[in-house]
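**Student:** Taking my numbering, the leading residue of the sequence shown gets 952, the next gets one more, and so forth.
Before I ask anything, here is the structure I am working with.
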Amino acid sequence: MKKVVKFGGSSLASAEQFEKVGNIIKADPDRVYVVPSAPGKRNSKDTKVTDMLYACYALAEEGKDFSKALEDIKARYDEIINGLNLKLSLKDEFKTIEKNFKAKAGKDYAASRGEYLNGIIMANYLGYEFVDSATVVAFDKNGNFDAEKTNKLMSKKLEKTPKAVIPGFFGAYPDGLIKTFSRGGSDITGSIVSRAVRADVYENWTDVSGFLIADPRIIMMPEQIDTITYTELRELAYMGASVLHEDAIFPVRKEGIPINIRNTNMPEDPGTWIVESTAKKAKYTITGIAGKKGFCCVNILKDQMNSEVGFVRKVLQAFEDQNISIEHVPSGIDTMTVFVSQDEFIEKEQSVVSEIHRFAKPDLLEIESDLALIAVVGRGMKSTRGTAGRIFSALAHANVNVRMIDQGSSELNIIIGVETRDFEKAIKAIYDIFVSTQL
Ligand code: ASP
C-alpha cells in the first residue's frame, strides 16, 4: 500500500500540531509521500503565513522597508523548529528570500515560500527527502497547469524516492519562474502526487472530520457524511460546501484513487471517503444539503412562447452579451425564468432587460431579488419514491414558499429556490425530515 498524505495549514500551525502530524505519519508505514501547506492560524485572531507573505511582498513591491514583516514570518518558522528541537536553520533560506523580494521575484514566488519552508522543516523532522515542487509541478507559458508534463516529471522523480515531502500550492513556468495554484491549492498538489505514484489512498488531513450533511452554522451538530461520490461532491461544492479545493478532484478521479478527508486533531475518526462510485447505501436518502443566498431571477412571459422557435436563445443571448453566467432556467408553457447571481446581474440589469425587449419582445418581464437556492443531493434519491414529496411537504409545514424547483435528469439532486428570509428555515425543515426524524 502507498498513501499520500496532505496536511492543511491548521494542522501545521505550530510545533504541537507538527507533533500530531508526525505521530499520524509514523503510525502507518504506508504514509510515504507528504504534502504540507504553509503554517495556518494558531488561533482565531492569528494570521496565516501565506497572508503574511503576501503582505510582506506588497511592501517590497512598493519599495518600502519589509525587514520587520519578514522577521515576523521567520519567527513563525523558528518557533516550530525550536519546539521540535530540530537542528535546522533557515537563515540562508531567508537571505535568499530577502534578496529575491528586493529583486521583485513576484507575488506567486512570495506566497509559495510558505509551503516551501514548511516542506524543508517537515522533511528534516521526518527524515524524508525534500522535493522542490518547482522541479516537478509544471505550468505552461500561459500559466495553465500542465497535467501530463507534471505527471511525467513527478512520477519519474518519485519512482526513485521512496519517502518524500513535496510542498503544496506551487510549481513553475517552463522558464523556472514560480507559479501558484489558487488559494487552498495544496489540495491539488496532494492529488497530483497521488496520481503520479498511483497511490492507494489520498488522505487529506484538515481540522474537521470530513463533510457534514448540512452547514453547522445552520444545523446544530449535523451528522457527518461517511461516503460521498465525486458527482455528489461536485453538486454540493457548487452550492458552497467547501472542505476541499474543487480542482483537487480531477487528477485522482482519473486514476480511480479514493480521497479520505481526516481530522488531524481526531485521528481516530474515520472521516469522509470521496469515491468514484460505491455500492454502499447512504445512511439516509439524501447525502447532503447545501445552499447559497444572493440570487435574483428574471421572469418572462409571452403568449405562445412554446411555439416560437428561437425564443429561449434570444433571451439567453441578452445575458451572454453582458457576460453574465446563468445558474438555472426553469420554464413553463408560456413562461421562462432565468436565475442569476444578484451581484453579477445588478450592474448590468437594465442593459439585459432592454436587450430582451428588443430581441424577444416578451409580453411581460419582471425581476425578483433576494432569492436563495438550496441543493438537496443524494445518490439514494434515484431509487427512492417520494423524495420530492417529502421535501415539499416539509417545506409547506415550515411555512416556506417554494419559488422554483429543478430536478436534474440524473435524479442526483433537487434544487429549490426560496426567498432569502426562508433560507435557514428551509434547510432545517429538509434536514429534519430526512435525518433528525430517522435517528
Ligand atoms: N497556503 C495556501 C493558502 O493559504 C495554500 C493552501 O494552504 O492550500 O491558500
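From the three backbone atoms N, C-alpha and C, an ideal C-beta is built for every residue, glycine too.
State the DSSP-derived secondary structure class of residue 1051, mapped to helix, strand or coil.
**Tutor:** Residue 1051: helix per DSSP, three-state reduction.
**Student:** Which whole-angstrom value describes the C-beta separation of residue 1323 and residue 1266, a residue pair presumed to lie in contact below a C-beta threshold of 8 Å?
**Tutor:** Contact doesn't hold; Cβ gap of about 23 Å is too wide.
**Student:** Over the uninterrupted beta strand (DSSP E) stretch that includes residue 1292, give me the two end residues.
**Tutor:** Unbroken beta strand (DSSP E) run through residue 1292: 1286-1292.
**Student:** Here's the rule I'm using: 16 or more other beta-carbon atoms within 10 Å means buried, otherwise exposed. How should residue 1095 be labelled?
**Tutor:** Classification of residue 1095: exposed, given that the 10 Å Cβ count is below 16.
**Student:** Which runs of the alpha helix (DSSP H) spanning at least 4 residues fall entirely within the region 1080-1146, listed in chain order?
**Tutor:** Runs of the alpha helix (DSSP H) inside the region 1080-1146: 1098-1110.
**Student:** Quick one: grab the DSSP three-state call for residue 1008.
**Tutor:** Note: residue 1008 maps to helix in three-state DSSP.
**Student:** To the nearest angstrom, how far is it from the Cα of residue 903 to the Cα of residue 1073?
**Tutor:** Residue coverage of the chain in this structure runs from 952 to 1390, which leaves residue 903 outside it and unanswerable.
**Student:** For residue 1321 and residue 1354, what's the separation of their Cα atoms in angstroms?
**Tutor:** Each residue's alpha carbon lies about 11 Å from the other.
**Student:** Taking DSSP as the reference, what is the three-state secondary structure of residue 1355?
**Tutor:** Three-state result, residue 1355: strand.
**Student:** Determine the direct distance from the alpha carbon of residue 1158 to that of residue 1122, and round the result to whole angstroms.
**Tutor:** Roughly 25 Å separates the two Cα atoms.
**Student:** Hey, how far is the Cα of residue 1252 from the Cα of residue 1178?
**Tutor:** Whole-angstrom Cα-Cα distance: 43 Å.
**Student:** Whole angstroms are fine: how far does the CA of residue 1217 sit from the CA of residue 1131?
**Tutor:** Answer to the nearest angstrom: the Cα atoms are 30 Å apart.
**Student:** From the DSSP secondary-structure annotation, give me the bridge partner or partners of residue 1076.
**Tutor:** Looking at the DSSP assignment, residue 1076 forms no beta bridge with any residue, so it has no partner.
**Student:** Pair every Cβ in the region 1329-1340 with every Cβ in the region 1292-1304, then say whether three or more of these pairs are closer than 8 Å.
**Tutor:** At 8 Å Cβ cutoff, the stretches do not touch.
**Student:** Buried or exposed: where does residue 1372 fall if 16 or more other Cβ atoms within 10 Å of its Cβ makes it buried?
**Tutor:** Classification for residue 1372: exposed.
**Student:** Got a sec: does ligand 1 put a non-hydrogen atom nearer than 7 Å to the Cβ of residue 989?
**Tutor:** Yes - ligand 1 has a heavy atom lying nearer than 7 Å to the Cβ of residue 989.
**Student:** What number of angstroms, rounded off, separates the C-alpha of residue 1001 from the C-alpha of residue 990?
**Tutor:** Taking the straight line from one Cα to the other gives about 8 Å.
**Student:** Is residue 1099 near ligand 3, with its Cβ less than 7 Å from a heavy atom?
**Tutor:** Questions concerning ligand 3 fall outside what the structure shown contains, since the ligands it does hold are ligand 1.
**Student:** I'd like to confirm the pairing. Which residues does DSSP put opposite residue 1434 in its beta bridges?
**Tutor:** Absent from the model: residue 1434. The displayed extent of the chain is 952 to 1390, so no value can be given.
**Student:** When burial is assigned at 16 or more other CB atoms within 10 Å of the CB, is residue 1154 buried or exposed?
**Tutor:** Buried: at least 16 other Cβ atoms inside 10 Å.
**Student:** My output table needs one value for residue 929: the three-state DSSP class, helix, strand or coil.
**Tutor:** Any question about residue 929 goes unanswered here, given that the chain covers just 952 to 1390.
**Student:** Report yes if the CB atom of residue 1238 is closer than 8 Å to the CB atom of residue 1183, and no otherwise.
**Tutor:** Going by C-beta atoms, residue 1238 is nearer than 8 Å to residue 1183.
**Student:** With distances taken from CA atoms, which of 1028, 1291, 1230 and 1282 is nearest residue 1269?
**Tutor:** Residue 1269 has its Cα closest to that of 1291, out of 1028, 1291, 1230 and 1282.
**Student:** On the DSSP letters alone, give me the boundaries of the alpha helix (DSSP H) that residue 1025 sits inside.
**Tutor:** 1018-1034 is the extent of the alpha helix (DSSP H) around residue 1025.
**Student:** So what's residue 1000 in DSSP terms, helix, strand or just coil?
**Tutor:** DSSP places residue 1000 in helix when its eight states are reduced to three.
**Student:** Which residue or residues does DSSP assign as beta-bridge partners of residue 1318?
**Tutor:** 1249, per the DSSP bridge assignment.
**Student:** Could you tell me which residues DSSP puts in a beta bridge with residue 1323?
**Tutor:** Note: residue 1323 sits in a beta bridge opposite 1369.
**Student:** Which stretch, first to last residue, makes up the beta strand (DSSP E) that contains residue 1279?
**Tutor:** Residue 1279 -> beta strand (DSSP E) spans 1277-1279.
**Student:** Does any CB atom of chain E fall closer than 8 Å to the CB of residue 1363?
**Tutor:** Considering every chain present, this structure includes no chain E. It has just one protein chain.
**Student:** Roughly how far, in whole angstroms, is the beta-carbon of residue 1141 from the beta-carbon of residue 1199, given that I think they are within contact range, below 8 Å?
**Tutor:** With a Cβ gap of about 7 Å, residue 1141 and residue 1199 count as contacting.
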